[in-house]
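For the sequence shown, the numbering used here gives the first residue as -8, with consecutive numbering after it. Accompanying notes for the structure given below.
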Amino acid sequence: MSDFMKAMAFRHACKHFDTSKTIPQEQFESILEVARMSPSSFGMEPWRLIVVRNEALRKALKSSCWGQAQITEASELVIFTTDNDDVRSGTPYVKNMFERRGLDAEALEKYMSVYKGFLSLIECHEDLLENWTAKQCYIACANMMTYAATLKIDSCPIEGFDKEQIEAVLDLPQGRSAALICAFGYRVDPQSPQIRLPISTIVEYR
Ligand SMILES: Cc1cc2nc3c(=O)[nH]c(=O)nc-3n(C[C@H](O)[C@H](O)[C@H](O)COP(=O)(O)O)c2cc1C
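Structure representation (structure tokens):
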């Protein structure tokens, strides 16, 4: 079995973490680096990660996360937030994200125009824009969880939370929203079985 498939087999949605174990800082930083290296639509990297280590803040968040134990038990808790105003078409942020590729003026103009066209049906509605930036976070999160599994670090993705409450607790400014949470640490209980549909149900060849 490849190392990647071993990691896929190791990963599960960990419900309880061993509170006596801490992820070494260097390993945790490498998990964060995986987020940074993840792909994003048009390379906009809309994610802004908040690592919550403060116990009081963890407790405050827990009640807005269906009281889920992972929020306070995890060694590290990452909140994926997104900067939605920055990624609107024509902003200096977007211009800079294209410019950094070393494009000439004509190519830059073209990229900005294609981006504007693509985003026109998304940025017209705040919810759609939040949804689009959140999608990018899910990719980064998946990469982080699988990578963490290669280090024998457990994780749990969490979208069972009240978005507005989380944003209030974190005091996020206007234009910034909470997309997803991921807890990292070490399992207490044995791994739950990986229950999945058969490949024939989820894949068709045409
Ligand atoms: C986007 C997303 C959100 C999830 N939210 C939660 C959550 O809030 N709490 C939880 O315990 N598990 C959560 N899960 C875990 C799933 O329930 C779990 O991945 C699924 O049942 C398959 O189990 P496994 O990952 O252990 O194989 C979430 C998974 C994903 C992908």
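Cβ coordinates follow ideal geometry from the N, Cα and C atoms, glycine included. All of these numbers come straight from a predicted model, not from anything done at the bench.
Could you check whether the Cβ of His3 sits closer than 7 Å to any heavy atom belonging to ligand 1? yes
Would you identify the three-state DSSP class for Phe152, choosing helix, strand or coil? coil
Residues in the same chain with beta-carbon distance under 7 Å from Ile113, minus the five sequence neighbours each way, listed in chain order, please. Leu119, Leu120 and Trp123
Where does Asp9 sit, in a helix, a strand or coil, going by DSSP? coil
Distance, Cα to Cα, Cys56 vs Ala4? Here the alpha carbon of Cys56 sits roughly 15 Å from the alpha carbon of Ala4.
Start-end ranges of the alpha helix (DSSP H) lying completely within the region 45 to 104, minimum 4 residues: 46 to 53, 61 to 64 and 83 to 90
According to DSSP, Ile172 sits in a beta bridge with which residue or residues? Ile70 and Ile149
Let's see if you can read the secondary structure: which residues bound the alpha helix (DSSP H) around Arg220? Nothing about residue 220 can be reported from this structure: the residues present for the chain run from -8 to 197 only.
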